[in-house]
Every structure is written in structure tokens, then in C-alpha cells.
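A.B. asks: Protein chains in written order, with the working numbering: chain A, 2 to 196; chain B, 2 to 196; chain C, 2 to 196; chain D, 2 to 196. Would you mind keeping the following structure in view while I ask a few things?
Protein chains: 4
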Amino acid sequence: MRHKNNEKSRKIIAAATKIFAKKGFYKAKVSEIAQEAGIADGTIYIYFKHKDDILIALFEEKMREVLDNMKKQISLESDPFAKIERFAYFHLKLIEDNKDMAEIIQVELRQSSKFMKNYQNKKFAQYLDLIGDIIQEGKEKGLISQDIIPGIAKRAFFGALDEMSRFWVLSKRRKYDVETAARQISSYFINGIKN
Amino acid sequence: MRHKNNEKSRKIIAAATKIFAKKGFYKAKVSEIAQEAGIADGTIYIYFKHKDDILIALFEEKMREVLDNMKKQISLESDPFAKIERFAYFHLKLIEDNKDMAEIIQVELRQSSKFMKNYQNKKFAQYLDLIGDIIQEGKEKGLISQDIIPGIAKRAFFGALDEMSRFWVLSKRRKYDVETAARQISSYFINGIKN
Amino acid sequence: MRHKNNEKSRKIIAAATKIFAKKGFYKAKVSEIAQEAGIADGTIYIYFKHKDDILIALFEEKMREVLDNMKKQISLESDPFAKIERFAYFHLKLIEDNKDMAEIIQVELRQSSKFMKNYQNKKFAQYLDLIGDIIQEGKEKGLISQDIIPGIAKRAFFGALDEMSRFWVLSKRRKYDVETAARQISSYFINGIKN
Amino acid sequence: MRHKNNEKSRKIIAAATKIFAKKGFYKAKVSEIAQEAGIADGTIYIYFKHKDDILIALFEEKMREVLDNMKKQISLESDPFAKIERFAYFHLKLIEDNKDMAEIIQVELRQSSKFMKNYQNKKFAQYLDLIGDIIQEGKEKGLISQDIIPGIAKRAFFGALDEMSRFWVLSKRRKYDVETAARQISSYFINGIKN
DNA sequence: GATGAATGAGTATTCATTCAT
DNA sequence: CATGAATGAATACTCATTCAT
Numbered sequence: 002m003r004h005k006n007n008e009k010s011r012k013i014i015a016a017a018t019k020i021f022a023k024k025g026f027y028k029a030k031v032s033e034i035a036q037e038a039g040i041a042d043g044t045i046y047i048y049f050k051h052k053d054d055i056l057i058a059l060f061e062e063k064m065r066e067v068l069d070n071m072k073k074q075i076s077l078e079s080d081p082f083a084k085i086e087r088f089a090y091f092h093l094k095l096i097e098d099n100k101d102m103a104e105i106i107q108v109e110l111r112q113s114s115k116f117m118k119n120y121q122n123k124k125f126a127q128y129l130d131l132i133g134d135i136i137q138e139g140k141e142k143g144l145i146s147q148d149i150i151p152g153i154a155k156r157a158f159f160g161a162l163d164e165m166s167r168f169w170v171l172s173k174r175r176k177y178d179v180e181t182a183a184r185q186i187s188s189y190f191i192n193g194i195k196n
Numbered sequence: 002m003r004h005k006n007n008e009k010s011r012k013i014i015a016a017a018t019k020i021f022a023k024k025g026f027y028k029a030k031v032s033e034i035a036q037e038a039g040i041a042d043g044t045i046y047i048y049f050k051h052k053d054d055i056l057i058a059l060f061e062e063k064m065r066e067v068l069d070n071m072k073k074q075i076s077l078e079s080d081p082f083a084k085i086e087r088f089a090y091f092h093l094k095l096i097e098d099n100k101d102m103a104e105i106i107q108v109e110l111r112q113s114s115k116f117m118k119n120y121q122n123k124k125f126a127q128y129l130d131l132i133g134d135i136i137q138e139g140k141e142k143g144l145i146s147q148d149i150i151p152g153i154a155k156r157a158f159f160g161a162l163d164e165m166s167r168f169w170v171l172s173k174r175r176k177y178d179v180e181t182a183a184r185q186i187s188s189y190f191i192n193g194i195k196n
Numbered sequence: 002m003r004h005k006n007n008e009k010s011r012k013i014i015a016a017a018t019k020i021f022a023k024k025g026f027y028k029a030k031v032s033e034i035a036q037e038a039g040i041a042d043g044t045i046y047i048y049f050k051h052k053d054d055i056l057i058a059l060f061e062e063k064m065r066e067v068l069d070n071m072k073k074q075i076s077l078e079s080d081p082f083a084k085i086e087r088f089a090y091f092h093l094k095l096i097e098d099n100k101d102m103a104e105i106i107q108v109e110l111r112q113s114s115k116f117m118k119n120y121q122n123k124k125f126a127q128y129l130d131l132i133g134d135i136i137q138e139g140k141e142k143g144l145i146s147q148d149i150i151p152g153i154a155k156r157a158f159f160g161a162l163d164e165m166s167r168f169w170v171l172s173k174r175r176k177y178d179v180e181t182a183a184r185q186i187s188s189y190f191i192n193g194i195k196n
Numbered sequence: 002m003r004h005k006n007n008e009k010s011r012k013i014i015a016a017a018t019k020i021f022a023k024k025g026f027y028k029a030k031v032s033e034i035a036q037e038a039g040i041a042d043g044t045i046y047i048y049f050k051h052k053d054d055i056l057i058a059l060f061e062e063k064m065r066e067v068l069d070n071m072k073k074q075i076s077l078e079s080d081p082f083a084k085i086e087r088f089a090y091f092h093l094k095l096i097e098d099n100k101d102m103a104e105i106i107q108v109e110l111r112q113s114s115k116f117m118k119n120y121q122n123k124k125f126a127q128y129l130d131l132i133g134d135i136i137q138e139g140k141e142k143g144l145i146s147q148d149i150i151p152g153i154a155k156r157a158f159f160g161a162l163d164e165m166s167r168f169w170v171l172s173k174r175r176k177y178d179v180e181t182a183a184r185q186i187s188s189y190f191i192n193g194i195k196n
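In C-alpha cells, the structure reads:
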């Protein structure tokens, strides 16, 4: 897994994103990814030791991007509730703009824990913690009820957005626009937890 | 080809539930399921035409049970908010009591849409609609704000519960007990949508 | 490596003997062996876990036969020198009659120690010991000089026969007949070690 | 394509000797040899057209050395029996001093005839003929029985030494020292063929 | 000449599915 | 109906060899 050439590594991940989204990890052939990337089958193995490693690297790369982007978005607001709204909007926007990536994270991330025993998805935990931190902040500022348990609330909020994403990813056509969905979901949540 | 009322059919599904939960659909071998069921490999093909069909039948059977059970629970309450609380509690209780089933629905249901192109998960839609119907009822009774879009709200609520389940399914130890989680999540939601 | 059906197991070994002799272990394809045996590729893996295991089983089977046969031959003589002569004759005869087997033992047995780290060729050691025991007996009867070290002598005698075999195996045409070669080699040896 | 006098060519052969001895020809990777030689993979192909050619060149170089050395040793004696004793001693000494080379010649030379259809090992034939010539000389001088067939005797003697070598090459610890083994084996042979 | 990234032909092994008993 | 031995299509991965730099 030499990484002399990062450009090719990214090309492979981009191709894999497309193929995994279309076929799913198990049905995707390494040779298809190679073809999509415009390289030879063997070249993939210069950059990734196993097929599994492509998926892991894909997650890490995508999650890093998502995480960085979301941190930036949140930092633009100071009010915890505004942060939550922004989180909802940009999360759903991201799904809309990156359907392939969303599908993989939706579908494959779920089974990942099964075939990647030792792979700890730290990036995902950090992403959830962005919400947890906002809630904590809200509690400290007296905006959010002291009864709220951040560990449950962050999952409830993420799950609400995530289920919406899944619906979109698996549907052919998009019912409800991003703005509406984001506004509704963040509104339920904010009203649900505010003091 | 399927003989739905057969006892052996259920034995196979029970075995498959265990094996799919442990290994995931793709890594589970038909021969393992046969062994777990105490029958010969070939016997499985008397009851199911393909490996995929076992998973589909498994979903249908489990979802039917879940659906029937949840309908019964909901009917015991007349107040929409009480129904929501009961839904949350019994959904999470179900996960706790049926870890194997939960894991399969969590993990494999996601990829199912990929390999089962033509499989329409009607039972799952009906399950979601249980929530949608409660919300509709709440709106009609003036308990829930008219702004709430049931198609979004039902997914937000289900997603919140589902993410909690996923956390439990993938964690070794169970943080937060069922009652607490159910109370918190239904409370956010009810407060979030009530008039 | 179930062995329900010994007949098929032997059929595979017979086919492997032919193919390994023709191509060598590394160049022999499992599919060729299957074809030669008149079975499907996958069937081989019902009887042998790996390609390596075919070679190991082949050795064990052939060496058992060779060993049993040679023990019988030796027991027909009571004089140690007559035993040595008989050993030489039947060893070379065996090579002549089983060219494929001889070639594999000649060629592949040598490299076997390399890829089969843990495979201890006990049968071969027992074969060598047949000679060692004769020498020991000869020493005890005062027919063979006390200076002779059986551990060296048995290898010298076997090596002499073996080199002759190798010459035959690798040559197109057979120079020197079995009787002549056996007589010459056992004669050098007997005269060389007798008291 | 080969540049025989090149220093790099020898460096590659030296590296190959080490790697082939450790892993065997088929399991040795060209890249490993390159690394051992401290050069790039592609450089090997400037000096050798195929992996096979490295083995052939290795044989030729080693056998030339061995042959030259043995010729020199033999020429130091005038008595045929003394020559035989010296041959035995220096053959076994060579094995002891060059374990890697010995292992390759022992193990890989055997299979070489298989993958190198057209490779005629003339050097090896010349080596055997050194013994054949001594026997011929002995017969002419009346020291060796006229019944002895040099073509068989030379192989018997070489085979005896060779089997001893093989035992040493494949054993972890060396039983019997070189002097003892050489004395024993040449003694059997000389006594066995003398007039 | 030297490099080493890229190539792609080659193959052992797996496992869902079949079917003769 | 039940069996389980047999099938053979399918595919991840390796590594000798090439060739642009």
C-alpha cells in the first residue's frame, strides 16, 4: 500500500465510489473498478492491499471531507439552534449532491462493521459528536433542557436525518425538497429539546 | 416452490436469522444455514428457490410479526401521544429482545434493495405508516401542528429510534436502558410536533 | 478432506500422478488434474483442501505401496547380501514400471521439503531404514565389516540406485537394462562393505 | 542480452543463489532477487531475458567453478583410487562450504529439466565424466575390474555422495563429518570395484 | 544503462445450485 | 420429500515482464 502517487489513489476511490454505489460492495468486481478508473486490475493492488481496503479508504476520505465541511458550516453560526438547523440543511444537501457517496455510506457503512472487525469508524463518531457538542453547549447556555441526554439526542437527530436520506437514496424520485425536510426535522428536534 | 405453512420452512428461517446476523448475508453459507437447521443443503432448495429468497422470506415473516404486534400495542391506547410513546418503547424493546433479527433488519435490509431489485418492502412501508397514521390522527384532533408533514415526520421518528437501535446492535454493551431511550426520544418528538 | 469415497480420492491421485509427472507440481493446473480424472474442478476440493495436499497424499500412497512391496521382497531372502541384490533389482524395476511415479518422487519429492515445511516424510525414512536394517543384520552376522556406518552406507546405496533412476527418468531412451544396473550397483556395494 | 563479464550479472546471480535456496525457484520473486542485489526489478531484465535464465546462468557459473576446482584437485593425485577419495572429499566439502548453492543444485536442478526443455546440462555431464574417466583409467591400469561399466559406476558413486549431500542439505544439524562420510563412501566404492 | 510504476494474463479456490438415489 | 456428492461459473489477487522516463 505504497502511496507514492496520491492522484491515482484518488482516481481508484472515485471509481470505486461509483461502482460500489451501483452494485454494492460484494457484487462490485475489482476489475470493474479498474476499468472505471482507466487502469489495469493489478494497478489497484499497488495502492490497496485488498478489496476491503478500498472501501475503508473510501470511508475515511469521504468522512474526512464531510466532517471538515460540516465543522466549517457550524462555526459560521453562534446560536446552538441555528447550528442545528445548519447541520440539518447541509447534511441533506450533501446527500443530494453526492448520491453515490451517500448510498455507500448508507448501505455499505452498515455492513462494514461485519467484515471489518477491527475497523473503528472514528470519523463517524466525530461526526455524531458535532451534534452532541452543540447540545451540550445549548444545555450550558440554558437553552436546552437539563433532562436531555446528549448521547441519545445526537443519535435521535442524526437518525432522523439519516432515515430521510435513506428514503431519498433508495427512491427514484425525490419527494420533499431539501429545505423543507431540513426545516421540518430541525424544527421537531429544536422544539423537542428546548427549555 | 415455497410452502409457507411448513414447519421446516420456519426452521430454515430461524437458522438463517442466526447465521445472517452472525456473518452477514454474503458471508453466510447456505450449508451453514442447513447445518444450523439440522437438515441437508439440498432440502433448503425445496423450500426456497434461491439464497436471496431466504432473506426475503425472513423479512416478510419478521416484519409481519413486528407489524401485528405493534398494531396491537397501539390499539391499546387512544391518545396519539400515548401511542407514540408506546411505539417507541415497544420498538426498542423488540430490538432488545431479538438481537439477531434486529441486526439483520438493521444491516441487511439496507443492502437488500441492491440485490433484490424487484423486492418492494411493503411491510416496512406499512410499519412506517403506523406512525404516519398516528400523526394524521393527531393533526385531525388538533393535537399536532398543521405544519407537520407526516411523510417527513414519520421518517424522522422512525429514524431516531432506528439509529438508537443501530448503536445498540453494533455495540458490545448496552448504554442507556430501553425505558430511558424510549421516553427521551418520544418526548423530543412529541414536544417537537405538538400544537 | 472428507474421505467418504476412497475410489474418487484414488482417481484424483492417479490423475495427479500423470499430470505432475508431465508438467511438474507448479506448472500442473488443478483443472488439468480434474479433467484427467474426469471430474469437475470443484470435486477435487471435496477430497483435498489444497493443491499441496494432493501431492502429499500422492507421496503417502505411493510410498506406502513401495514400502509394502519392498518389505515383502526382502522377506523372501534370508541372506543379507541377497536382500541387497533384491532391493536393487526391485527398486530399479519399480522405476521402470512406474515412470510417472518415479519422476514425481525424483523431482517433486526434492522440492517438497521447501513448500511443505511441516511435512515429515516418514515413509521415505522407513524405506531407507530397510537398507539400514539389512546392513545392521549383516554386521551382526559378521558378514559386513564393523567399520561400516549404517547411516552413511544406507544413503550411499540408495543414492547409487537413485542416481541411476534419475538418469533413466530424465533420458528419453533407456541405456543399460534393469538387471545389469541392479547387478552392478549391488555388486559394488556388497564388495565394498563385506568383511 | 546477457553480458557475461559484467559485475552486475554476478551480483544478480549471487542474490538469486540466496533467494532460490531459501524459497525455491517458483516461490522466489524476481523483485526479491532485485532487492537482495540492491538494484531495480527492471535492471534484472537487462542482464537476463527471463527468470528461468537466471537459474540457468546460476547453474552454469556454479558448475563451471565446481568443475574447474575438481579438475584441479584430481590432477594433484596420480593414483585413480586416490583421485576417487579426493573427489569424494572435495565434493562433500563443497556442499558444506556452499550450502545455498548445494541446496539449489540438489533441489532445483531436479526440476530444471522440466521447465527448461532445451537446456542441456553439459557441465553436469562433464562433472560425472570426471569420475567416469578415473574409472576408465583404473581399468586401463588393471586396478579396476573389467566388468565395471563406467556409465553405471560413475552414477553410483556420484549418487552415493549426492544422497549424503541431500541429507545434509535438508537436515538442520549435520550428523557425520565430511572426512568420515568421504572416507566411508569412497572406501565402499573403491573396494567394490577394485580388481 | 537504470528505474520502478504499470500491466494483464493466469489460477487456485469457493459455494450456490442441481439431481440421482 | 430428503439427501449430500458433484458441479462449474465466477473472481480476487499475484508477479513476470515491459517501457516511458
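C-beta atoms are modelled at their ideal positions from N, C-alpha and C, and glycine is treated no differently.
1. Tell me the DSSP secondary structure of ILE145/A in three-state form.
2. At 9 Å on the CB atoms, spell out the chain B contacts of MET165/A, in chain order.
3. Is it the case that the segment 49-69 of chain C contacts the segment 133-153 of chain C, given that we only count it when at least three CB pairs across the two stretches are under 8 Å?
4. Name the DSSP bridge partner or partners of LYS140/C?
5. Opposite LYS195/C in the DSSP bridges: which residues?
6. Below 8 Å between beta carbons is the criterion; list the residues of the segment 174-188 of chain D that meet it against any residue of chain C, in chain order.
7. Keeping to the same chain, check which residues put their C-beta closer than 8 Å to that of ALA161/A; ignore five residues upstream and five downstream.
8. Could you check how far apart the C-beta atoms of TRP169/D and ILE105/D are, in whole angstroms? I think they sit under 8 Å.
9. What do you reckon, are the CB atoms on GLU61/D and LYS124/D nearer than 9 Å?
10. Helix, strand or coil, according to DSSP, for ASP80/A in the structure here?
11. Spatial neighbours of PHE91/B within its chain, please: CB distance less than 8 Å, with the 5 preceding and 5 following residues excluded, ordered by chain position.
12. Consult DSSP for PHE26/A and reduce its assignment to one of helix, strand or coil.
13. For PHE88/A, does the three-state DSSP call read helix, strand or coil?
14. Per DSSP, what kind of secondary structure is TYR189/D in: helix, strand or coil?
15. For the segment 119-150 of chain C, enumerate the residues whose C-beta is nearer than 7 Å to any C-beta of chain D, in chain order.
16. Should the segment 33-40 of chain D be called in touch with the segment 5-16 of chain D, which here means at least 3 C-beta pairs below 8 Å?
17. Would you say GLY39/C lies against chain D (beta-carbon separation less than 9 Å)?
18. Could you tell me whether the Cβ atoms of TYR46/D and ASN7/D are closer together than 9 Å?
19. Mind listing the chain B neighbours of TYR27/A? Cutoff is C-beta to C-beta under 7 Å, in chain order.
20. Are the C-beta of ASN192/A and some C-beta of chain B separated by less than 9 Å?
21. Please list the residues of the segment 84-111 of chain A that have a C-beta atom closer than 8 Å to any C-beta atom in chain B, keeping them in chain order.
22. Starting from the beta carbon of PHE60/D, find every residue of chain C whose beta carbon is closer than 7 Å, and list them in chain order.
23. Please report the Cβ distance between LEU129/A and PHE159/A, rounded to the nearest whole angstrom; I am assuming they are in contact, meaning their Cβ atoms lie under 8 Å.
24. Can the beta-carbon of GLU86/B be found closer than 9 Å to that of ALA183/B?
25. Between the Cα of LEU171/A and those of ILE194/A, LYS100/A, ALA126/A and GLN127/A, spot the shortest distance and give me the residue it belongs to.
26. Could you list which residues in chain A have their beta carbon closer than 9 Å to that of PHE82/B, in chain order?
27. Between which residues of its own chain and PRO81/C is the CB-CB distance below 8 Å, once the five residues before and five after are set aside?
28. Which whole-angstrom value is the C-beta distance of ASN196/A and ASN192/B, which I expect to be below 8 Å?
29. Given that a residue counts as buried once 16 or more other Cβ atoms are within 10 Å of its Cβ, and exposed if not, what is GLY133/A?
30. Using a Cβ-Cβ cutoff of less than 7 Å, which residues in the same chain neighbour ILE20/B once the five nearest sequence positions on both sides are dropped?
31. Using a Cβ-Cβ cut-off of 7 Å (strictly less than) and excluding sequence neighbours within five positions of ARG167/A, which residues of its own chain qualify?
32. Mind checking ASP148/C: buried by the 16 CB within 10 Å criterion, or exposed?
33. Would GLU164/A and GLU66/B be called neighbours here (beta carbons separated by less than 9 Å)?
34. Is LYS195/A near the ligand ADP, judged by its Cβ being under 8 Å from some heavy atom?
35. Alpha carbon to alpha carbon, how far is MET64/A from MET102/A? Give it in angstroms, no decimals.
36. Which residue spans inside the segment 46-77 of chain A form an unbroken beta strand (DSSP E) run of at least 3?
C.D. replies: Looking at the atomic coordinates:
1. Walking along the first sequence from the start, residue 145/A turns up at place 144. Three-state result, ILE145/A: strand.
2. What you label residue 165/A is simply residue 164 of the first sequence in a count that begins at 1. Those are ILE153, ARG156, ALA157 and GLY160, listed as they occur along chain B.
3. no
4. Within the third sequence, residue 140/C is the residue found at index 139, counting from 1. Beta-bridge pairing links LYS140/C to no other residue.
5. As a working note, residue 195/C is residue 194 in the third sequence. Looking at the DSSP assignment, LYS195/C forms a beta bridge with ILE145/C.
6. LYS176, TYR177, THR181, ALA182, GLN185, ILE186 and SER188
7. In the first sequence, counting from the first residue as 1, residue 161/A sits at position 160. These residues qualify, in order along the chain: ILE186, TYR189 and PHE190.
8. Working through the fourth sequence from its first residue, we reach residue 169/D at position 168. Working through the fourth sequence from its first residue, we reach residue 105/D at position 104. About 14 Å; that fails the 8 Å criterion.
9. Taking the first residue of the fourth sequence as position 1, residue 61/D is located at position 60. Taking the first residue of the fourth sequence as position 1, residue 124/D is located at position 123. Taking 9 Å as the Cβ cut-off, GLU61/D and LYS124/D qualify as a contacting pair.
10. The count along the first sequence starts at 1 and reaches residue 80/A at position 79. Three-state result, ASP80/A: coil.
11. Locating residue 91/B in the second sequence gives position 90, counting from the first residue. So the qualifying residues of the chain are ASN70, MET71 and GLN74.
12. To locate residue 26/A, count along the first sequence from 1; it is residue 25. Reduced to three states, the DSSP call for PHE26/A is coil.
13. Locating residue 88/A in the first sequence gives position 87, counting from the first residue. Three-state result, PHE88/A: helix.
14. Taking the fourth sequence and counting its residues from 1, one reaches residue 189/D at position 188. Correct three-state label for TYR189/D: helix.
15. ILE150
16. yes
17. Taking the first residue of the third sequence as position 1, residue 39/C is located at position 38. It does not; no Cβ of chain D falls within 9 Å.
18. Translated into the one-based positions of the fourth sequence, residue 46/D becomes position 45. Translated into the one-based positions of the fourth sequence, residue 7/D becomes position 6. No, the pair does not count as a contact, with Cβ atoms beyond the cut-off.
19. In the first sequence, counting from the first residue as 1, residue 27/A sits at position 26. Correct list: TYR27.
20. Walking along the first sequence from the start, residue 192/A turns up at place 191. At least one chain B Cβ lies under 9 Å of ASN192/A.
21. GLN107, VAL108, GLU109 and ARG111
22. Working through the fourth sequence from its first residue, we reach residue 60/D at position 59. Near PHE60/D there are no residues of chain C at all, since even the closest Cβ is about 15 Å away, more than 7 Å.
23. The sequence position of residue 129/A within the first sequence is 128, counting from 1. The sequence position of residue 159/A within the first sequence is 158, counting from 1. Contact holds; Cβ gap of about 6 Å.
24. In the second sequence, the residue the question calls residue 86/B occupies position 85. In the second sequence, the residue the question calls residue 183/B occupies position 182. Closer than 9 Å, so yes.
25. Taking the first sequence and counting its residues from 1, one reaches residue 171/A at position 170. Checking every option, the nearest Cα to that of LEU171/A belongs to LYS100/A.
26. Taking the first residue of the second sequence as position 1, residue 82/B is located at position 81. The premise fails here: PHE82/B is roughly 12 Å from chain A at the closest Cβ pair, so nothing lies under 9 Å.
27. As a working note, residue 81/C is residue 80 in the third sequence. Cβ within range, chain order: ILE135, ILE136, GLU138, GLY139, LYS142, LEU144 and ILE145.
28. By one-based count along the first sequence, residue 196/A stands at place 195. By one-based count along the second sequence, residue 192/B stands at place 191. In fact, because the Cβ distance is near 11 Å, the residues do not count as touching under 8 Å.
29. Residue numbering aside, residue 133/A sits at position 132 when the first sequence is read from its first letter. With 16 or more other Cβ atoms within 10 Å, it is buried.
30. Within the second sequence, residue 20/B is the residue found at index 19, counting from 1. Same-chain partners within the cutoff: ALA29, GLU33, ILE34 and GLU37.
31. Residue mapping note: residue 167/A aligns to position 166 of the first sequence, counting from 1. Only GLN107 meet the Cβ criterion.
32. Here residue 148/C corresponds to residue number 147 of the third sequence, with the count starting at 1. That one is exposed.
33. As a position in the first sequence, residue 164/A is number 163, starting the count at 1. As a position in the second sequence, residue 66/B is number 65, starting the count at 1. Not a contact, by the Cβ cut-off of 9 Å.
34. Of the ligands one can find in the structure shown there are none, so the ligand ADP has no counterpart to examine.
35. As a first step, residue 102/A is located in the first sequence; it is residue number 101 there, counting from the start. As a first step, residue 64/A is located in the first sequence; it is residue number 63 there, counting from the start. Their backbone Cα atoms lie some 10 Å apart in a straight line.
36. none
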